[in-house]
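Peer 1:
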Amino acid sequence: MEIIKEPFGRTKDGREVFSFTLRNRQKVTIKIITYGGIVASILTPDQYGGLADIALGFNTLNDYLAEHPYFGALIGRFANRIANGKFTLNGKEYRLAINDGNNHLHGGLVGFDKVVWDAEEFKNAAETGVKLTYRSKDGEEGYPGNLQVTVVYLLNEQNELTITYEATTDQPTVVNLTNHTYFNLSGEGSGDILDHQIMINADRYTAVTDDLIPTGELCSVKGSPLDFTGLKRIGASINALKGGYDHNYVLNKTGNELSFAAKVY
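Take the sequence shown: its letters are residues 251 to 515, numbered as in our numbering.
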């Protein structure tokens, strides 16, 4: 196992950004940068030993500082949209930053994807990784409470990348964390992913409004373009939906244990 820390540039306000490159014996190589906690690249070997980058991203910090569709980024405080940028918690209304039409998206104008995270690297014989931490102050982007967030990226010798999220707060708040990596399993420069085969372990999805706000209604995927309960080409039915796929699936699971979600070929 190997981990390499290198300078990756500075933000416009002078904050230094670092990259951490994780590599195992099979040559799977993952680059994480402290700006936005971004997964900048994932190099994987093919059956002939050649390496391909299967994660969309950039090579320079300046590209990440410009507008982009959240390539590889950590998303918070709240992933997805909050209608009209407001919510009520314990009888009190909170107003959030508006950055998606009339709505709040992915944490606001300066979400977790646009901050510099503190980082601590680690490795042993079986795994290597980096622990990122960030303290989101009370009132940041309109959210209540000081939120202490820890995200751990871990690569092992089984070629598994694990992302673990943890957050603690000093007052009631809302939090919904995720990572926004885009994948192309054929590698960089190979074209679109319409021929990828995908299976999603979900019988239902959340209905949305025209501006992609979940309505609370849970709909069956059976017989619809959103039905991926068996392996199917991504491109098979994508044109049957206005704007393609941008939906939340309700995974088939019981309890709070981790369970199988999806597979892609």
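Where is the CB? At the ideal position from N, CA and C, for every residue including glycine.
Within the same chain, show all residues whose beta-carbon is closer than 7 angstroms to that of residue 354, passing over the 5 residues directly before and after it, in chain order.
Peer 2: Excluding residues within five positions, the ones whose Cβ falls inside 7 angstroms are 331, 332, 335, 346, 347 and 348.
Peer 1: For residue 448, which residues in the same chain have their Cβ closer than 6 angstroms to its Cβ, ignoring the five residues on either side in sequence?
Peer 2: Same-chain partners within the cutoff: 478, 484 and 514.
Peer 1: Near residue 503, which residues of its chain fall below 6 angstroms by C-beta distance, leaving aside the five closest residues on each side in sequence?
Peer 2: The answer, listed in chain order, is 509.
Peer 1: Looking at C-alpha atoms only, which residue of 408, 455 and 344 is the closest neighbour of residue 497?
Peer 2: Answer by Cα proximity: 455.
Peer 1: For residue 445, which of helix, strand or coil comes out of DSSP?
Peer 2: Coil, per DSSP.
Peer 1: Measure the C-alpha to C-alpha separation of residue 444 and residue 430 and round it to an integer number of angstroms.
Peer 2: Cα to Cα, residue 444 sits roughly 19 angstroms from residue 430.
Peer 1: Curious, which full-length beta strand (DSSP E) runs of at least 3 residues does the region 308–341 contain?
Peer 2: For the region 308–341, whole beta strand (DSSP E) runs of length 3 or above, ordered along the chain, are 336–339.
Peer 1: Terminal residues of the continuous beta strand (DSSP E) containing residue 281?
Peer 2: Start and end: 279–283.
Peer 1: Quick one: measure Cβ to Cβ for residue 256 and residue 269, integer angstroms, because I've assumed they're closer than 8 angstroms.
Peer 2: Contact flag correct, Cβ pair sits at about 5 angstroms.
Peer 1: Taking its Cβ as the centre, do 16 or more other Cβ atoms sit within 10 Å of residue 357, making it buried, or is it exposed?
Peer 2: Its Cβ being crowded by 16 or more others within 10 Å, residue 357 is buried.
Peer 1: Are the Cβ atoms of residue 452 and residue 465 separated by less than 8 angstroms?
Peer 2: For residue 452 and residue 465, no; Cβs fall outside 8 angstroms.
Peer 1: Out of 271, 439 and 278, point me to the one whose CA is closest to residue 410's CA.
Peer 2: When each option's Cα is compared against that of residue 410, the closest is 278.
Peer 1: According to DSSP, is residue 391 helix, strand or coil?
Peer 2: Helix, per DSSP.
Peer 1: Quick one: Cα of residue 261 to Cα of residue 369, how far?
Peer 2: Each residue's alpha carbon lies about 16 angstroms from the other.
Peer 1: Nearest by alpha-carbon distance to residue 364: which of 433, 391 and 511 is it?
Peer 2: With distances taken between Cα atoms, residue 364 lies closest to 391.
Peer 1: Where does the unbroken beta strand (DSSP E) through residue 373 begin, and where does it stop?
Peer 2: Residue 373 -> beta strand (DSSP E) spans 368–373.
Peer 1: Do you know whose CA, among 472, 290, 352 and 476, lies nearest residue 493's CA?
Peer 2: Among 472, 290, 352 and 476, the Cα nearest to that of residue 493 belongs to 476.
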